[in-house]
Structure formats: structure tokens, C-alpha cells
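Asker: Mind having a look at this structure? Questions to follow.
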Amino acid sequence: MKRLIAGFLSVCVAVSLLMTGCSSGGTDNTAQTDGPVTITIWHDKEDEVAQALQTELDTLAPDIVVKLEKKDGLTDSLKMVGNDPNSAPDMYFFAHDKIGVYAEMGILAPITDFVDKSTLNQYIPMTIEAATYKGEVYQLPIYFETLLYMYNRRYMSDDEVPSTTEELYKYMQENTKGGHYGFVEQHSTAYYAAGWLHAFGGYILNENGKPGLDDENTIKALEYHKKFVELMPTEGEYSTVNTLFREGKAHSTIGGPWLVPTARESGIDLGIAPMPTVDETGNKIAPYSGVQGIHVLKVAAERKHDAIAKVLQVLTNDSVGIAMAKASGCAPAKQSCYDDPVISGDDMVMAMYDTAQDAVPMPNVPEMDVMWTVTENLLVDVNMSGKDVRSSAQAAQQQAESLIKQMQ
Amino acid sequence: MTRHQKRMLKQAAKQICLHILFIVICFVTLIPILYALSVSLNADNSLVSSDFRFIPKNFTLRNYVAVFTEEPVMLWFKNSMTLAVVTVVISLAAAIPAAYAFSRMRFKGRKPILKQLVLLYSFPSVLSMFAIYTLLRPLGLINSKVGLILIYTGTMAEFGLLNMKGYFDTIPREIEEAAEIDGASGIQLVTRIVLPLARPSILVTAVMILIYVWNEYLFATTFMTGAENYTLAAGLYSLQATEMSGSWPVFAAASLVVSLPILIVFFAVQRHMTSGLTAGGVKG
Amino acid sequence: MKKNKKETFWAYLCSAPSLLLILLIVVFPILYTAYISFTNMNVYHWFNFSFVGLKNYKDALFVFDSGFLAALLRTILWTVLNMVLQLVIAFVLASLLNIQDFKGRRVYKTLLMIPWAMPGYVSILLWKNGIFNSQFGLLNQWMQKLGLATVRWLANDVSAFLCCTVVNLWLALPFMIMIMDGALQAVDHSCYESAILDGANWFQRAYFITIPAIRPIIAPSVLITVFTTFKQFDVVYLLTQQAGAKTGANIHTILTYAYENAFITNNYGYSSAVSILIFAILILFSMVTSRKAKEG
Chain X
24 MKRLIAGFLS
34 VCVAVSLLMT
44 GCSSGGTDNT
54 AQTDGPVTIT
64 IWHDKEDEVA
74 QALQTELDTL
84 APDIVVKLEK
94 KDGLTDSLKM
104 VGNDPNSAPD
114 MYFFAHDKIG
124 VYAEMGILAP
134 ITDFVDKSTL
144 NQYIPMTIEA
154 ATYKGEVYQL
164 PIYFETLLYM
174 YNRRYMSDDE
184 VPSTTEELYK
194 YMQENTKGGH
204 YGFVEQHSTA
214 YYAAGWLHAF
224 GGYILNENGK
234 PGLDDENTIK
244 ALEYHKKFVE
254 LMPTEGEYST
264 VNTLFREGKA
274 HSTIGGPWLV
284 PTARESGIDL
294 GIAPMPTVDE
304 TGNKIAPYSG
314 VQGIHVLKVA
324 AERKHDAIAK
334 VLQVLTNDSV
344 GIAMAKASGC
354 APAKQSCYDD
364 PVISGDDMVM
374 AMYDTAQDAV
384 PMPNVPEMDV
394 MWTVTENLLV
404 DVNMSGKDVR
414 SSAQAAQQQA
424 ESLIKQMQ
Chain R
3 MTRHQKRMLK
13 QAAKQICLHI
23 LFIVICFVTL
33 IPILYALSVS
43 LNADNSLVSS
53 DFRFIPKNFT
63 LRNYVAVFTE
73 EPVMLWFKNS
83 MTLAVVTVVI
93 SLAAAIPAAY
103 AFSRMRFKGR
113 KPILKQLVLL
123 YSFPSVLSMF
133 AIYTLLRPLG
143 LINSKVGLIL
153 IYTGTMAEFG
163 LLNMKGYFDT
173 IPREIEEAAE
183 IDGASGIQLV
193 TRIVLPLARP
203 SILVTAVMIL
213 IYVWNEYLFA
223 TTFMTGAENY
233 TLAAGLYSLQ
243 ATEMSGSWPV
253 FAAASLVVSL
263 PILIVFFAVQ
273 RHMTSGLTAG
283 GVKG
Chain E
2 MKKNKKETFW
12 AYLCSAPSLL
22 LILLIVVFPI
32 LYTAYISFTN
42 MNVYHWFNFS
52 FVGLKNYKDA
62 LFVFDSGFLA
72 ALLRTILWTV
82 LNMVLQLVIA
92 FVLASLLNIQ
102 DFKGRRVYKT
112 LLMIPWAMPG
122 YVSILLWKNG
132 IFNSQFGLLN
142 QWMQKLGLAT
152 VRWLANDVSA
162 FLCCTVVNLW
172 LALPFMIMIM
182 DGALQAVDHS
192 CYESAILDGA
202 NWFQRAYFIT
212 IPAIRPIIAP
222 SVLITVFTTF
232 KQFDVVYLLT
242 QQAGAKTGAN
252 IHTILTYAYE
262 NAFITNNYGY
272 SSAVSILIFA
282 ILILFSMVTS
292 RKAKEG
């Protein structure tokens, strides 16, 4: 009996603790009342880029307070909270390649609800194209990025820079020795390998959501690319590749704009050149490009229509494009930004702009989500495990098709 | 040499061997940690380098300064502390009576429930995320500490129950029965006999819950937004160096800073982990 | 009979808070996942999903192909290998740490806990980049200093599997040592004294006294660890399969396999069906092993 009383008492203790635990803390889901409107924007960018954006948007204060929140795992979180007015952000700042997924889920509002269509004509057509899914524009582009051919002037002089892939191969053969590499890249990831596929007319996924892994041109590209991979370290992930370049062990590389500041910091005399042309096809290596911009969530669209329109209005200013381009080393999406000498005089930004002329915007259809993994598996099979290209490509194509079927 | 001296000598030799053995074991275990330490003290912004050395060439404390000045570490620490303490208290308060009941009482459904509880562990917790979201959302507990505490206590109550039940099973019933005959009341029985006897197990469980909360980042990053709401693990996760951003040395410094409080707690608690059985339980 | 009823009542009252919490946070998600597995919740019907019966289960059977079977066998091997090593190493270390009059054990114990005091992903990143990297990793830097050829540790199936095992042990041992240590402290020392008088050596004492004594204490934790090892995702995924950093080793466990073949489709109904089937396999597996254990 006594034991039972003791048990009961412990339960009481537990429950009361539970209650106090719940009552403390407290939520801050208080509804929006009068006064300044708060606009929350999720992003996943570097601090400098976020800071530049914040400075521009602070001009809207005190009527509109814009809160930029860095969100890890942004894409997964949006899937969860996307239509919940209490937890979803009002907008988010991200690349264009998830537009299809979110548009199909029904959590995005077209930005043409807030911005006049004619305004969009002032943007580089490629960026608007990337932001369009099934006829609707879901993103206000800010800047775009793509991969660049970079070299270390200490080893590769400006006139040694290969203009064709065969020249590059020759350079690699001559210079890959004694711990040095003529050229390194993240050869077995889909994002980096796509450039080679495109140069041959191959593709990972076309605009209709059809995978092209067993396309004849894709197979040709994979076969051709193999000999380059043999002269690179087999571990192709970013920390290896970037460290080799930063430490002066690799004479040239293909990398994103984010590599530039760290390479300069490490004392590399950095040169940026156009992508080499593939001899066989006469096309330049054409990497994917990503358009970074602002998306509006449906849950916020009605409740805060006017505030969102004002925020987007500010974001169409040239000054935003210029500030963001400078902070990120990327190219502004708005055409008129290039009239500014700050932009037209910036080698880095202009190199980005030039390379992007050949670049292929990442597909924004939902099917792309499964392609990253399948393509990478194919690349690993071909480049690392030495499997037969054709049969691996066919198997990968089959897997991609069945995964896409399973998305429905 | 007397017999006594011989024994002393043998004892000393044994001690030295043990120490050497454990120094070697600890060193091998700590290689990755020493690696992180070296990276964090290095002035070059790199995780990997072709000429790595445990004692960095360009020594700097800059990264540690950066951890404390550029990131709201103290705020994250406070958040982690709050969550950890509340979770430990609630889960123990819930799990101890349950573990006791499952160990001491015989009732209908006891065995099946125990069996199910273990099986529940086989469900991949990553998949629970969405379901837990649908559960917390109507309660308004998204982006709230209470929501996180609920998740953590639920997970840890199960662990605590199973873990402590195993220990309770080993405490001889006779001790309690003797105390009952001696006229100990129900409360006395629990507070004076059972809890002290189970102290090592309760402490071990508490430390484990603490470490779980301290290191948990999946729920903390998914359900909490804004740097001011982060826990240490979530904050650390956001500092994680990716290809685009972040600094490895700062990340390495931060991860060492984060683990330090756990080690201090662990070191302090050890003294009290010796068994209640040998430390006076028999007297009662 | 009446007493029995009363005891049942009190027992449930005592465990109510715990069971309620578990019901909410552990059981509900499983039931919810089961419910979703019968719907077409995917990118195209994210918020307006409807009931589709067993369609997802029919589709899910495609995942359970030869690749899955290989992954399942590998997972079983992984679990057995890890558990055996974990138990043996933890037992030996914990026993040594419990030798009477061993001064300074608190320091060693604390040092051995360090791997556990760091979030798992941090440690895995450190191992991957700092130790195993074929260009810069410590292992290969040491190999070079010894004049040996460098090895691509994570590229080959066997060595990658062993590397994952090492990392998993490193991550899991502190927990196991602590459990064993706690259990060993509960063993009545008087038993040993009489055994020593009887002339029993260390192994005999361990086998006849220590292990039977600590078994009931550590059993729940060991069982839990078996399951967490079985469903281990982070170690294998982050070391060898991470998107953008695949190493070429094919050492999928059932979870990483399911991830690549189902979860990435964003089809939540389909992924749920796969998860429920994996859950069923695990339950089956544990039922078989527990029956075996009883017989043996």
C-alpha cells in the first residue's frame, strides 16, 4: 500500500514538473497587429551577401521591417511548413531549381501578382526563363552564377591557357606529376560533369522532365571525359579539389565564384578564362547556371500583399543587383546593372556574365530532384569503379525513369 | 624484501602498466579531436592540408575569439542549457516511476508493453519528422522551446524507462521489504531506499539525456528558426563549412567549445556514480 | 485477484506520464507514417492527398530487389560485427577502469567520453576529411612517411566498410563503456573476493560472475544499440554516399539504399510504405533473433 502511495506521489511530481515545463518558455506566435509589417525572408547565403541585401531592404523601415533569417536545410523545411502561416516565411531567397517542386506543391505565388510584367523585360532573358515554370514566373531574379575556368598564373601563364579540351589534356599530361596536377575538378558530381555533357549535346534532364543519361551524346561525353579523370585525383569532392588548387598543387580548375575569395586569400595569382572548347563538337564546356532570387510564398501573398510588393519593388533597383553582385562575385540578373562601371569594370563579374552566355540553366522541374543522385551514381560507376559506360548509362537511365515514375 | 614490500612493488608495477595502457588508448581515441584542435589553432583557413602537423605552424587563437565574438554562442549556450535541464528533469521524473513500476509491479500488459517499447527503436527517427510536425503544429509548438522539449522528453522517456528498469531489476527486493517491515513509509521507501540505491543508474541516464539534447541538431534546426533560437548543436550546424561558405578553423574551434561543458559535467558527476549498493544502501 | 487489479492500476498510474510521452512522440509518428503510406501524398498532391489503397506497397516492392537484399545482408553483417566489437572492447576497457585502487581513472574515463561529447556529424566530417582523405588524410600522410603506397580508404568496398566500422565504434563506444562501467559498479565485490580465494582467474571471474551479474543491467541498452546500429544512416552515408562526395564504394545499408531509391522521390506516401516495410522486416528480424536466443 505504502509503495503505491509513493508511486502516486512520484506521478504527481512528474505531472507537475511537466506542467511547469510547459508553461515556461512560451511561444511567440502572436498574430500580426497594426504597426509595422514584418516580412521574413529565409535564405542560405553567406553573411556578406545577406548583409548587403539587408542594407538595401532597411530603406523600407519603419513601415516594413524585413527580417532575413538564415535557415539550414531550407528546402526541406519549406516542404514541411510551406503552407503554414505561423511557421512559414513570407519569402525566401534561393536558387531557381526548386521552383517546380514548390509550384507543384502549391506553396508559391507567381511574382507577377506583385510586379508589373513589363519590369521583367528589363532582366536578362535567361534569368526569367529559369524562373518560369509552366508559364508562370515564380522568382524575381537577383543574380546568377555558374562555374568558371580558373588557373594559377604562377604555373600556367596567360598564353598557356588551353582554348580547347585537347590542349587542356596535353597540358595535363605534361604537368600532372610529383604531387602536382595540371587540372582538377569535381569530376564525379552531376553539377560539374553537366558542362561536359552539354558540350557534346548530351543532357541530364530535358525541359520535359525526360532523363537523357543513355542519350548517345551523353555516352560520348562520358567516354571522352574519362581520360581527363584519369589524370585527376580519384577523390573528386570539393575539399580535395579546392585545397589542391588553393595550395598551388593544381594548376587549373573549374570552380564556382565562392572559390575566388579563398583562393586570393591563399595568395594565388588567379586568372579566369573562358571554358575550353571540345575539339570534336566545337562547343564550349557549358556548365549549369543557377539563378538566385526571391520567391513569394502563397500563405503570405494575400495577408501581406502590399508590403511584399514594396519589398519586391526595392529589389528591382539597380543598386540591389550591384551590391549583391559585388558581395557574391556573381553577375546581376538585371540588364541595366551592366551600365554601371562598378559592374562592367569587374573582371570576375564580367567573366561570370560571359561564361553564362553558354551556360545551361538548371532544370527547374520537380523531376530534377532525383537526377542529382542517379547521375552521380553513374559518374562514380564510370569514373571511379571503371564500369562500362554504355551499360552503366542504360542502367542509370532505367533507374531515373523508375524513380520519376515513383514521384507521381 | 618482505612480503609486504613485494606486494607494494607488484601493485606499483600494475599501476604503471595500467597508466601506460590508458595513455595509449586515450591518445589513439583522441587523434581526430587533436586534429580538430590543431585545425582550430591554425591560421590557415583549411580543414585539410598536405603538410598537416599536430602543432600548427602559424599558431593563432583568432578562431576561438571569432567563436565568441562573431556568433551568439552564449545565447546558444543558454538555450541548450534550458532545454537540457528541463528535458533531463522531466524525462527522469516521468521515467523513474515508470521504470520502477515495470521492474517491481506485476500487472497485465507489462510484458507486451516492454517488448513493444524495444521494438519501437527500430523505426528510423528521421521519418518521424513530418509526423511530429503535424502533431506540434496545431498545438502552436513549432519554433518554440516547449515543442522541442516535448520531442526530447518523449524520446528520452522511453530510453530512460528501459535503461533504468534494467538496473532496478538488480536491486534485491529484500532490501525494500526489510525497510517496509522496519516501518518505512511509502515516500521514505522511495526517497531513502530506492532512489539512493538506483543513483548510479539515474545519473548515467541523466548524463545520457543531457548529451542527447546537447548534440541533437536535426529537430533543433528544422523546427527552430532564427539564430537567436538555436541550440549549440544547431548553431554549430549552421557554422558548418560548406563549399560556398564557412570557415573550417572556426567550425573546429566551435565544436571543441561545444563539447567542453559536457566533459566538465561528466568529470564532476563521476564521483557520485559509484553504486548506492556499496556506498551505504545495505545500511538502510 | 483484487490485489492484482490494484497493482495494475497503480503501475499504469506510475507509468502514465512516460507512456503518454512515448505514445505522442514515438508511437504516433509510426502510426501516422502507416496512414500516409496508404495515400498519394507527393509533390503533386502535397496538401490534397487522397487514399490510394495498397498502390504504394505494390510500387515499394520494386525497391526490394537484389540490391536491397545485398544491402540487407550487409546491414546484418554490419550490426553483428559492430555489436561484437563494441561489447568486447567496452567490457575490457570498463573492467580495466574498475580495477581497485586505479588512481586517475576519472581522467581517463572523461577523456574516453570526448567522442561522445561532440555532435555525430562533426566527428564524421573530421574522420572523413582529416583521417581518410586520400590526398591529405593523416593515414596517408603517415603511410607516405613510412614509405608505403597511399590507399584510397573509402573507395574500396572492404576498406570502406572497415573504415565505417571504426568510425561507428569510435562514436558508440563511449556510450557502451559508460553503461558497462555503471553496471560493473553495481556488482557486489564480495563475490569476487570469494572467487579469488577459490583461485579463479580473470576470464573465469568475468565469465562466471561479472557477465551474468551485469547482463540484466546492460540488456536494455544493448538491445537499443543493436537497433540503432541496424538503422545507422549517418556514418555510412556521410562517409561514402553523400551527394557530391561519393567515394565509389558500394556499401549501402538498408536505410541508405531506401534513401536513394525511395526517399529522394519526394513521394511521401511511397517513402512511408518503404519505411513501414523496413520496420516490418526489423520486427521480424528481432522476433527471430529473440526466439533463437531463448532456444540457445
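Residue numbers (this note's numbering), protein chains in the order written: chain X, 24 to 431; chain R, 3 to 286; chain E, 2 to 297.
We put the beta carbon where it would ideally sit given N, CA and C, even for glycine.
Note that the coordinates shown come from a computational prediction; the quantities given were computed from them, not determined experimentally.
1) In the DSSP assignment, what are the bridge partners of Trp65 of chain X?
2) Count the other CB atoms within 10 Å of the CB of Met42 of chain E; is the residue buried (16 or more) or exposed (fewer)?
3) Along the chain, which unbroken stretches of the alpha helix (DSSP H) at least 4 residues long are found entirely within the region 235-317 of chain X?
4) Would you say Arg153 of chain E reaches chain A, if we count a Cβ-Cβ gap shorter than 8 Å as a contact?
5) Please work out which residues of its chain come closer than 6 Å, Cβ to Cβ, to Ala2 of chain R, disregarding the five sequence neighbours upstream and downstream, and give them in chain order.
6) Please report whether the beta-carbon of Asp95 of chain X lies at a distance below 8 Å from any beta-carbon of chain R.
7) Skipping 5 residues on each side, what residues in its chain have a beta carbon closer than 7 Å to that of Ser359 of chain X?
8) Can you tell me which of R:Arg64, R:Ala159 and R:Val215 puts its alpha carbon nearest to the alpha carbon of Ile26 of chain E?
9) Restricting to Cα atoms, I'd like to know which of E:Lys232, E:Leu94, E:Met288 and E:Ala250 is closest to Ser276 of chain E.
10) Per DSSP, Glu73 of chain R forms a beta bridge with which residues?
11) For Thr396 of chain X, tell me which candidate among E:Ser222, E:Leu149, E:His190 and E:Ala263 has the shortest Cα-Cα distance.
12) Could you check if Met76 of chain R is buried or exposed, using at least 16 other CB atoms within 10 Å of its CB as the buried criterion?
13) Beta carbons nearer than 7 Å to chain R: which residues of the region 232-261 of chain X have them?
14) Residues of chain E with a CB under 9 Å from the CB of Ile144 of chain R: which are they?
15) Got a sec: which bits of the region 81-92 of chain X sit with their beta carbon under 8 Å from any beta carbon on chain E, in order along the chain?
16) For a test of the three-state rule: what should DSSP assign to Ala14 of chain R, helix, strand or coil?
17) Going along chain R, which residues have a C-beta under 7 Å from Tyr58 of chain E?
18) How many Å lie between Glu270 of chain X and Gln74 of chain X at the Cα?
19) Name the chain E residues that come within less than 7 Å of Met430 of chain X, Cβ to Cβ?
20) Pull up the distance between the alpha-carbon of Ile151 of chain R and that of Leu199 of chain R, whole angstroms please.
21) Taking the straight line between their C-alpha atoms, what separation do you get for Val188 of chain E and Leu240 of chain E?
22) DSSP beta-bridge partners for Glu159 of chain X?
23) Taking a Cβ distance cut-off of 8 Å, strictly less, list which residues of the region 211-229 of chain R are near chain X, in chain order.
24) Does Asp107 of chain X come within less than 8 Å of chain R when only Cβ atoms are used?
25) Taking a cut of 8 Å between CB atoms, which residues from the region 128-152 of chain E lie near chain X?
26) Tell me which residue opens and which closes the alpha helix (DSSP H) that Tyr146 of chain X is part of.
27) For a contact meaning CB atoms closer than 8 Å, what does Asp99 of chain X contact in chain R?
28) Which value, in whole angstroms, describes the spacing of the CA atoms of Lys8 of chain R and Ala15 of chain R?
29) For Phe50 of chain E, which of helix, strand or coil comes out of DSSP?
30) Measure the CB-CB distance between Ala156 of chain E and Gly54 of chain E and report whether it falls below 8 Å.
31) Should Ser257 of chain R go down as buried or exposed, given a rule of 16 or more other Cβ atoms within 10 Å for buried?
32) CB Ala184 of chain E to CB Ile219 of chain E, shorter than 8 Å?
33) Say whether the region 335-350 of chain X touches the region 150-166 of chain X, bearing in mind that this needs 3 or more beta-carbon pairs closer than 8 Å, one atom from each stretch.
34) Look up Ile87 of chain X in the DSSP assignment and say whether it is helix, strand or coil.
35) Within the chosen definition, does the region 29-49 of chain E reach the region 267-276 of chain E through at least 3 CB pairs nearer than 8 Å?
36) Sorted by chain position, which residues of the same chain lie with C-beta nearer than 7 Å to Ile134 of chain X's C-beta, five sequence neighbours on each side aside?
Answerer: Here's the rundown:
1) X:Glu92 and X:Tyr115
2) buried
3) 239-252, 261-269 and 282-288
4) The chain labelled as chain A is not found among the protein chains of the depicted structure, namely X, R and E.
5) Examination of residue 2 of chain R is not possible in this model, given that chain R is present from 3 through 286 alone.
6) yes
7) Gln145 and Asp341
8) R:Ala159
9) E:Lys232
10) Partner(s): none; Glu73 of chain R has no beta bridge.
11) E:Ala263
12) exposed
13) Tyr261
14) Near Ile144 of chain R there are no residues of chain E at all, since even the closest Cβ is about 15 Å away, more than 9 Å.
15) none
16) helix
17) Neighbours of Tyr58 of chain E on chain R: none; closest Cβ ~16 Å, over 7 Å.
18) 30 Å
19) Asn43, Val44, Thr266, Asn267 and Asn268
20) 28 Å
21) 39 Å
22) X:Tyr156
23) Thr223, Thr224, Thr227, Gly228 and Ala229
24) yes
25) Asn130, Asn134, Ser135, Gln136 and Phe137
26) That residue, Tyr146 of chain X, is in no alpha helix (DSSP H); it is neither H nor E in DSSP.
27) Thr224
28) 11 Å
29) coil
30) no
31) buried
32) yes
33) yes
34) strand
35) yes
36) Val160, Tyr161, Gln162, Leu163, Val319 and Leu335
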